[in-house]
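Asks:
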Amino acid sequence: MFRRTAASLLLLGLAAFASSSDEYVCDETLSRGARSPCVQEVQRAVGVEADGIFGPDTEAAVVAFQGRQGLVPDGIVSRQTWAAIRATSAARLLQRGIDDTSAEACPTGEISPCTCNEYLEGVEVDCTRARTSAEISLALESADWPSSRLWRFWMEGNTGVKELPEWIFGDLSFEQIIVRDSALERIDPMAILPFKSELVNISVHHSRLKSFHFDIIPEFPRLKRLWLYGNSLSSVPAIHSKSLDILCLSTNNIKRVEQDGWATPNVTEFNIGYNPLSELPLRVIKSMEKLEEFFCSGCSLGPTLSSGLLEFRSKAFKWVVLWSNGISRLEPRAIKGLTADSEVILAENNIATLDEAIFRPLLEVMSLGEGFLGLKSNPIRCDCNLAWLAFAPQLLSNIHEAKCTDGRDLTDPGLLKFLKKCRNDTLTCPERPRCPTGLAGLRCIEAEYACFCDEGTLNTYFACPRASQVCCVSSDAQIPPCRGCVEANGCEALPGIHRGHFTILSCRDGRRRPDRIEETFNNTECFRGGKYQIGTKVKYSCDKYYFLRGLLVRTCGKNQEWTEPAPFCEPGCGSKREVPKSVKRPIHTMRGKVAPIGEWPWQVAIYDKDEEVIDCGGALIREQWVLTAAHCVVNYDPYFQARDANDFLVYLGKHYRNDSRDDGLVQKCKVAQVFPHPRNRHQIFQADIALLKLEEPAKLTEGVQLVCLPTQEYLSQHNVDHGRKGWVAGWGLDGSNSPSRVLRNVELQVQSAPICSRYTEDVTRQSSNLVDTLFCAGQLGENHTSRTLYYSVAPRILEYETVCKGDSGSGMVFPIFPYLERGPWIIEGVLSHIYHNESQNCSDLLPGQFGVFTKVHRPDRIEETFNNTECFRGGKYQIGTKVKYSCDKYYFLRGLLVRTCGKNQEWTEPAPFCEPGCGSKREVPKSVTRPIHTMRGKEAPIGEWPWQVAIYVKDEELINCGGALIREQWVLTAAHCVVNYDPFFQARDPNDFLVYLGKHYQNDSRDDGLVQKCKVAQVFPHPRNRQQRFQSDIALLKLEEPAKLTEGVQLVCLPTQEYLSQHNVDHERKGRVAGWGLDGSNSPSRVLRNVELQVQSALTCSRYTKDVTRQSPNLVDTLFCAGQLGENHTSRTLYYSVAPRILGGFEERQFKVNRLGDYEANAGKNLTGNVPHAER
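Residues -20 to -1, 1 to 1156, numbered by mature numbering (1 follows the signal peptide of the UniProt record, and there is no 0), are exactly what the sequence shown covers, in order.
#1: Using the Cα positions of G530 and P545, report the straight-line distance between them to the nearest angstrom.
#2: Are the CB atoms of R236 and S258 within a distance shorter than 7 angstroms?
#3: Does DSSP put N1146 in a helix, a strand or coil?
#4: Are there three or more Cβ pairs, one per stretch, closer than 8 angstroms when the region 139 to 155 is compared with the region 99 to 119?
#5: What are the residues that DSSP puts in a beta bridge with P795?
#6: Closer than 7 angstroms by C-beta to residue 1168: which residues in its own chain qualify, once you throw out the five before and the five after it? Chain order, please.
#7: Which complete alpha helix (DSSP H) runs does the region 1028 to 1067 hold, if anything under 4 residues is left out?
#8: How do the region 779 to 792 and the region 738 to 753 stand: do at least 3 beta-carbon pairs fall below 8 angstroms, yes or no?
#9: Less than 7 angstroms between the beta carbons of C553 and Y526, yes or no?
#10: In chain order, which continuous runs of the beta strand (DSSP E) of length 3 or greater are located wholly inside the region 921 to 968?
#11: Can you grab the Cα-Cα spacing for the pair C409 / K397, in whole Å?
#12: With a threshold of 8 angstroms, are at least 3 pairs of Cβ atoms found where one atom belongs to the region 129 to 137 and the other to the region 148 to 168?
#13: Going by DSSP in three states, I116 sits in which element: helix, strand or coil?
#14: Just to confirm, is the Cβ distance from V345 to L318 under 7 angstroms?
#15: Ends of the beta strand (DSSP E) at S153?
#16: Please classify H1047: is it buried, with 16 or more other beta-carbons within 10 angstroms of its beta-carbon, or exposed?
#17: Suppose you measure from the CA of P1093 to the CA of N1044; what does that come to, to the nearest Å?
#18: What residue range is occupied by the uninterrupted alpha helix (DSSP H) comprising A337?
#19: For A1014, which of helix, strand or coil comes out of DSSP?
#20: Would you list the one or two residues that DSSP bridges to E98?
#21: Relative to the C-alpha of L977, which residue among L310, L1068 and T9 is closest?
#22: Would A14 pass as a contact of F34 if the rule is Cβ separation under 7 angstroms?
#23: DSSP state of C465, grouped into three classes?
#24: So L173 and S191 are in contact, right, with Cβ under 8 angstroms, and what is the actual spacing, rounded?
#25: With distances taken between CB atoms, is the gap from C596 to G789 smaller than 7 angstroms?
#26: Apart from the five residues on each side of it in sequence, which residues of its chain come closer than 7 angstroms, Cβ to Cβ, to N884?
#27: Where do the N-terminal and C-terminal ends of the beta strand (DSSP E) with C881 fall, by residue?
#28: Between the region 622 to 639 and the region 719 to 737, are three or more C-beta pairs nearer than 8 angstroms?
#29: If you check the beta carbons only, do I182 and L206 fall under 7 angstroms apart?
#30: Check each candidate in V184, N539, Q998 and D240 and name the one with the smallest Cα separation from L1017.
#31: To the nearest angstrom, how far is it from the Cα of I265 to the Cα of A171?
#32: State the CB to CB distance for the pair F830 and I814, rounded to an integer number of angstroms; the pair is presumed to be in contact (CB under 8 angstroms).
#33: Buried or exposed, going by whether 16 or more other CB atoms sit within 10 Å of the CB of R12?
#34: Count the C-beta pairs between the region 378 to 386 and the region 347 to 358 that are closer than 8 angstroms, then say yes if the count reaches three, no if not.
#35: Below 7 angstroms between beta carbons: does that hold for F628 and I586?
#36: Helix, strand or coil for D588, going by three-state DSSP, please let me know.
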C-alpha cells in the first residue's frame, strides 16, 4: 500500500510526492517510539534500515538530516521535516534520472518467480515465492537489467530455498541481503563475495542457518550490519572487521564464543542473548572500544553477578540489558564503565533486596544524567533495608518500574514514611558490643517488631548490624521484661494481596473521616503488638488490568476477627486496546481486514519449533492458560498422543508474523503442559479443543489481555444462534495461498446446522456431522453465495472470504453488549476445521464451505468430584491432590475453579469464593400473556424485576418508595425517602421502615412464598444530601439479615466501567423503571408496574421543564432525566417514586442500575463518581 513503483524514474520528479486520490500520503508527526509504514518512508529518506520502528538510530539520522537542512534538530518529524524529506528525495530522483540514464531500474520483462520493485533507495529484488535457488538464478540471469548495481535482495516467509549457492546472483550486486522467516540453511561465500565492495547489510532472521563463514567478514570493507537472529548457529570464531557497527547473534544455539583474536573496534551494538553459552565472552566485550549497547538477556548469569564481570570502555555507553538471567545478587562494581546516561535493565530477575553498598554507587552516577536502573518484575522486599532510599529521593527517581512484592511502587508515600521511621526509631548505638545472635536465645530483629517478637524482651546493652534493628531475647531468658511490651488485643496481621495492595483508612471508629484517606500501609498507630487495633478499617485496590473480587473495605471487629473473607484481585477480560481516532483503520481488501495493532489483545500465536512456523492461533483465557484446537497440539499417527510441550512457543501481543518487527508489547512464552480434551482421542472433530499451560504467567499490558469465558448458558446459546455475528483473527493463508504477514480479522455470521449441512453436502459432496458441540459460521451473500472471511485466507475471489489453514485454534469472539465495540468480548468457539476437497487451495474455496467451531461453553464436560477420602489422610490432603470448587444456585465462583496441593505443601493460588450473580431476570413462560400498555403503563409480570424493593413506612402504613437490592444486605434508594429535612437534616430511625423483596402486589395478603420481609439495621444518606438535596439524592439501607437469593429475589448489577455508564445515559438511550407509584387515577398502584423511558439530553430536559413548569432545572453532572417525547412534543412518562433506572445490558436479560449518586458509606461500601465505578 505504501510502495511506489514506476516504469521510468524520469517521469516521477517532484510530482511523485504530490498528493493523489488513490495513494495515502504520510503527514503525521512522528517521534521516537512510533511504529507505522510512514516511519519506513522516513527511514528510507534518511538512510537507515526501513523496519518501521522509530528507534534511537532513526532518531539520530533524523537529527542529522534536520541539521543539514537548516531545521531545528529535535529528532521529531513534523510538517517542516516532511516537506524537506520530499523535496530532497524528489530532487535526488530527478538528478539520478537526468544524469544517469543507466540508473537503477527494473527490467521491462517478468522475472518470475521473483519480482522487482523500485524505491527511493533503489531497486529491490523480492524472491519470496521462489521454490528453489535454481529458480532464482535463472530468473535473474535471463532478465535484461539496466544496471547491475541494485539496492536490496529480499526473501521473507520462503520455505523452499535452503541455500544461496555460488554465483546465484550472476553479475548483479546488492547493498543489502535480507532473509526472514525462511528455510535457508547455508550461504556459500561465493554467493556474496562477488560484490564484497558493495555489501552493507547481511540480515538473516528466524531461519535455519546452521553455520556462517565468519572468516570472510574482513573481505567486506563497507559491511555495517551483521544480523543473524533466531537461527541454529552453535559457535562463533573470532571476527575481524573495521567497518562492522551492529552484531546480533541472539536466539541461536551458541554454546561457545572464541574469546581471543577479535578485532571489531567500531561495533556499537552487540547482542548475544538467549544462547546456551558455556561462558560469557568477557574479553570480547572488553575489546569493543566503542560498544554503546550490550544485550545478554537469558544468558543464565545468575544467581550472583560477580565483581568486575562486565566492563565497558566507551565513554558514550548507553545500554546494558540483562533480562531473565536469574540474578539475585550483585557484588560491588559488578558492572564497570557506566556513564551518567547509561540504562541498566535487570528486569525479570530474582533481586529481593537493594543493598546500599551495591546500588548507591550505580545510582549516583546515573543521577548526573538521563540514566536509570530498570527493575521490573523483581521480588523486592520493602523492609528496612531500603531505608537509605527514603532519604535519597534524587537516587530513587533513577529507579524505574520497581515494585514491592505486595505491588506497591517504591515511591509510594506510605512506604517512604515507613522506611524513614526505620531509621529514625533506631534503638542501637555503635559503641555497644554486637548482639551475639544465636547465643542464649538472642537475635537481631527489626525495631518495628520489638514488642512482639516471640513475646520476648529487649536487651539494650547489645547493638545490631543495622540501625533499624534491636537485640531481642527469648522469654525464657532471665532478663526483666521491657515496659512497653504488653499483650495486644486486635486482629492478626493481614497478608499482602496478589496484584494489589491495601491502605489503612482509620485506626478506630471516628479517628479519621473516611473522605480523608491517608495513604499509609500498616500504619504504626493502628498496628501495635503485632496486631491491628479493633475498629481498624483497611481498603483494598488492585493493579492496572485487575479488578477486586470481594469487599472493598474490611474492619477489625470486636471479636478480633476481620469482617468478611479476604478479597483478591482477578484479571479483567474482554477489553480491547483503545486505538486512537487519528490512526486510520485499514480498509477491507481481498485479504480481509488487517487488524489494527492491539485490536485483539488476547490473540495468541502458537509457533511450532519443528516446522518453524506459526502453525495455529489461540486465545489467552487466564494468565497462564491458552485455549486452542486439539489437533494443533496432538499427534494422531501412529496413535493418539499429546505432543511434547517443548515443541511449541506461544507469542502474546503479536501483530507481525516476522519477529524482527515485534514491539515491546510482545511476550514470548514457553509451554509447560499440553492438555487435549480427553474425548479428542476418539472424536477428533467433535472434541477438537485443548489447553496449554505456560511456564510463567503472562503479564497483562496494554497489548496483552484475557478474553472472557462464557459463564451463562443462555448467553452462549444466544450468541451461536443463526444470524449472530462474531469475529475471528489469525495469521492463516491469504489469497495468494501464503501465510499472512500480519494479523488479520474477519466478521463471520453463525449459520444454523441445517444450512451448514446442506451447503457442505452441495459443495464438497461430504456429509457434515454437526453435533451439538459444534457450530459453523460464514456469511451468505446474494443468490445464496457466501461472503465469509477466509480471512486468514483472503481468497482470490473478491466476493468470498473465510478462514483457512493456519487459523485453526483461533477463537470466535462476540461482544457481550453488541452496541459497544470496545466490549467486553467473550469467546464462544475455537476454530476446528473446514470441509474441503483434497485438491483445493484456500483461494479455490467456494461459498458454502463454512468454518466449523468447537463450542467453549460445555457444562457436560465438568466432572463433579470433591474431598475424595483417598486424598485426605492424617488430617491433610496428599501432594498432587486437585480440588474443584462450585457455588450454590444464583452464585458464581470468583477465582480458580481447580486448586492443587503443590510439592511445597501449599495450595496453588488464593482460595476462591462465591459471589452472588446479578442482573438476571426470572424466566416468564411464553404461555403467560404479558399485559398491554395502558394509560397506567404496563403491569409487570410477576418476577420480571426481582431486584425491585418496596420500602414500607410504618408510620404512614404504605409503600412510600422503591429501591434496588444491590447486595444481599444492601438496598439502594433515594435519600429523601429515608431522611427528615425539617427542622434539620437527620437520617430517620431504621425502625421506621420495613423492606419487601420479591413483592408484586401492594396488598400483603396476596404475597406468595417468594416475598421476603426484612428489617432495616442502618440508614446511610449521602453526606452531601444535607446541603445539596437534589444533586445527591441517594442513600443506602443496610438490612438486619442478608436476603436469600431465590427465583424471585435477585441483585441488580452495579456499573463498573465508566465508558459503559456514559454510553447508557446518552441521549435517546432507553431503559426501564418499575414501582408502585400513583396510576392514572392518581391512586397508588395495586401491582408492580414498569415503563420504558428514553434518556433526554440536559439541553432537551432543561428546555421542556422550563416550558411546562416555568422552573429552571439545575441538571448537574450527577443527574440525568428520562421520558418519552410524544407528538406535539408532549411527554407521556410514568412517575415512580425513586424506583431505580435500569438499563438493559443484554436484551433485557442482564441489567444494571445507572447513575444513582456518589458517596462513601461508613459501612464499608463505596460508590464513587456517578456510580460508574461502583466498588465492592
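Cβ coordinates follow ideal geometry from the N, Cα and C atoms, glycine included.
Fair warning: this is a prediction, and the values are worked out from it, not measured in the lab.
Replies: In this structure, then:
#1: Walking along the sequence shown from the start, residue 530 turns up at place 550. Walking along the sequence shown from the start, residue 545 turns up at place 565. When rounded, the distance between both Cα atoms is 8 angstroms.
#2: Counting from one through the sequence shown, the residue named residue 258 turns up at place 278. Counting from one through the sequence shown, the residue named residue 236 turns up at place 256. The Cβ atoms of S258 and R236 sit closer than 7 angstroms to each other.
#3: Residue mapping note: residue 1146 aligns to position 1166 of the sequence shown, counting from 1. With a pLDDT of only 31 at N1146, under 50, the local geometry of the prediction cannot be trusted, and no value is derived from it.
#4: In the pairwise beta carbon analysis, the region 139 to 155 is classified as touching the region 99 to 119: at least three pairs are separated by under 8 angstroms.
#5: Along the sequence shown, one-based indexing puts residue 795 at 815. According to DSSP, P795 bridges with W805.
#6: Any question about residue 1168 goes unanswered here, given that the chain covers just -20 to 1156.
#7: Secondary structure remark: continuous alpha helix (DSSP H) runs of at least 4 residues inside the region 1028 to 1067, in chain order: 1038 to 1044.
#8: No: fewer than three Cβ pairs fall under 8 angstroms.
#9: Position 573 of the sequence shown, counted from the first residue, corresponds to residue 553. Position 546 of the sequence shown, counted from the first residue, corresponds to residue 526. Against a cut-off of 7 angstroms, the Cβ pair of Y526 and C553 comes out as no contact.
#10: Correct list: 928 to 933, 938 to 947 and 950 to 953.
#11: As a working mapping, residue 409 is identified with position 429 in the sequence shown. As a working mapping, residue 397 is identified with position 417 in the sequence shown. Because the pLDDT at C409 is just 32, under 50, the model does not fix this residue reliably, and the point stays unresolved.
#12: Enough Cβ pairs lie closer than 8 angstroms, so yes.
#13: Locating residue 116 in the sequence shown gives position 136, counting from the first residue. DSSP, read as helix, strand or coil, puts I116 in helix.
#14: One-based indexing of the sequence shown puts residue 345 at position 365. One-based indexing of the sequence shown puts residue 318 at position 338. Contact flag set, yes.
#15: Here the question's residue 153 lines up with position 173 in the sequence shown. Per DSSP, S153 belongs to the beta strand (DSSP E) from S153 to R160.
#16: Numbered from 1 along the sequence shown, position 1067 holds the residue referred to as residue 1047. In this structure H1047 is exposed. Its beta-carbon is surrounded by fewer than 16 other beta-carbon atoms within 10 angstroms.
#17: To locate residue 1093, count along the sequence shown from 1; it is residue 1113. To locate residue 1044, count along the sequence shown from 1; it is residue 1064. Each residue's alpha carbon lies about 22 angstroms from the other.
#18: As a first step, residue 337 is located in the sequence shown; it is residue number 357 there, counting from the start. E336 to M346 is the span of the alpha helix (DSSP H), which, as asked, contains A337.
#19: Working through the sequence shown from its first residue, we reach residue 1014 at position 1034. A quick correction: the sequence has Ile, not Ala, at residue 1014. The answer is coil: DSSP assigns I1014 none of H, G, I, E or B.
#20: The residue you call residue 98 lines up with position 118 of the sequence shown. V103, per the DSSP bridge assignment.
#21: In the sequence shown, residue 977 corresponds to position 997, counting from 1. For the residues L310, L1068 and T9, the minimum Cα distance to L977 belongs to L1068.
#22: If you number the sequence shown from 1, residue 14 lands on position 34. If you number the sequence shown from 1, residue 34 lands on position 54. Going by C-beta atoms, A14 is nearer than 7 angstroms to F34.
#23: Locating residue 465 in the sequence shown gives position 485, where the first residue counts as 1. Interpretation of C465 is limited by its pLDDT of 40, a score under 50 that renders its predicted location unreliable; no figure is taken from the coordinates.
#24: By 1-based counting over the sequence shown, the position of residue 173 is 193. By 1-based counting over the sequence shown, the position of residue 191 is 211. Between L173 and S191, the beta carbon gap of about 16 angstroms keeps them out of contact (Cβ cut-off 8 angstroms).
#25: Residue mapping note: residue 596 aligns to position 616 of the sequence shown, counting from 1. Residue mapping note: residue 789 aligns to position 809 of the sequence shown, counting from 1. Remark: C-beta atoms of C596 and G789 approach each other more closely than 7 angstroms.
#26: In the sequence shown, counting from the first residue as 1, residue 884 sits at position 904. The same chain holds no residue with a CB closer than 7 angstroms to that of N884 once the five nearest residues on each side in sequence are set aside.
#27: Numbered from 1 along the sequence shown, position 901 holds the residue referred to as residue 881. Here C881 belongs to no beta strand (DSSP E), and DSSP marks it neither H nor E.
#28: When Cβ pairs closer than 8 angstroms are counted between the two stretches, the region 622 to 639 is seen to touch the region 719 to 737, the count reaching three or more.
#29: Along the sequence shown, one-based indexing puts residue 182 at 202. Along the sequence shown, one-based indexing puts residue 206 at 226. Taking 7 angstroms as the cut-off, the Cβ atoms of I182 and L206 count as close.
#30: For the purposes of this step, residue 1017 is taken as the residue at position 1037 of the sequence shown. Of the residues V184, N539, Q998 and D240, the one whose Cα lies closest to the Cα of L1017 is Q998.
#31: Along the sequence shown, one-based indexing puts residue 265 at 285. Along the sequence shown, one-based indexing puts residue 171 at 191. The straight-line gap from Cα to Cα measures roughly 31 angstroms.
#32: The count along the sequence shown starts at 1 and reaches residue 830 at position 850. The count along the sequence shown starts at 1 and reaches residue 814 at position 834. 7 angstroms between Cβ atoms; contact.
#33: To locate residue 12, count along the sequence shown from 1; it is residue 32. With fewer than 16 other Cβ atoms from the protein chains shown falling within 10 Å of its own Cβ, R12 counts as exposed.
#34: Contact between the region 378 to 386 and the region 347 to 358 is present, because at least three Cβ pairs lie under 8 angstroms.
#35: On the sequence shown, residue 628 is found 648 positions in, with the first residue counted as 1. On the sequence shown, residue 586 is found 606 positions in, with the first residue counted as 1. Contact annotation: F628 and I586 have beta-carbon atoms nearer than 7 angstroms.
#36: Working through the sequence shown from its first residue, we reach residue 588 at position 608. D588: strand per DSSP, three-state reduction.
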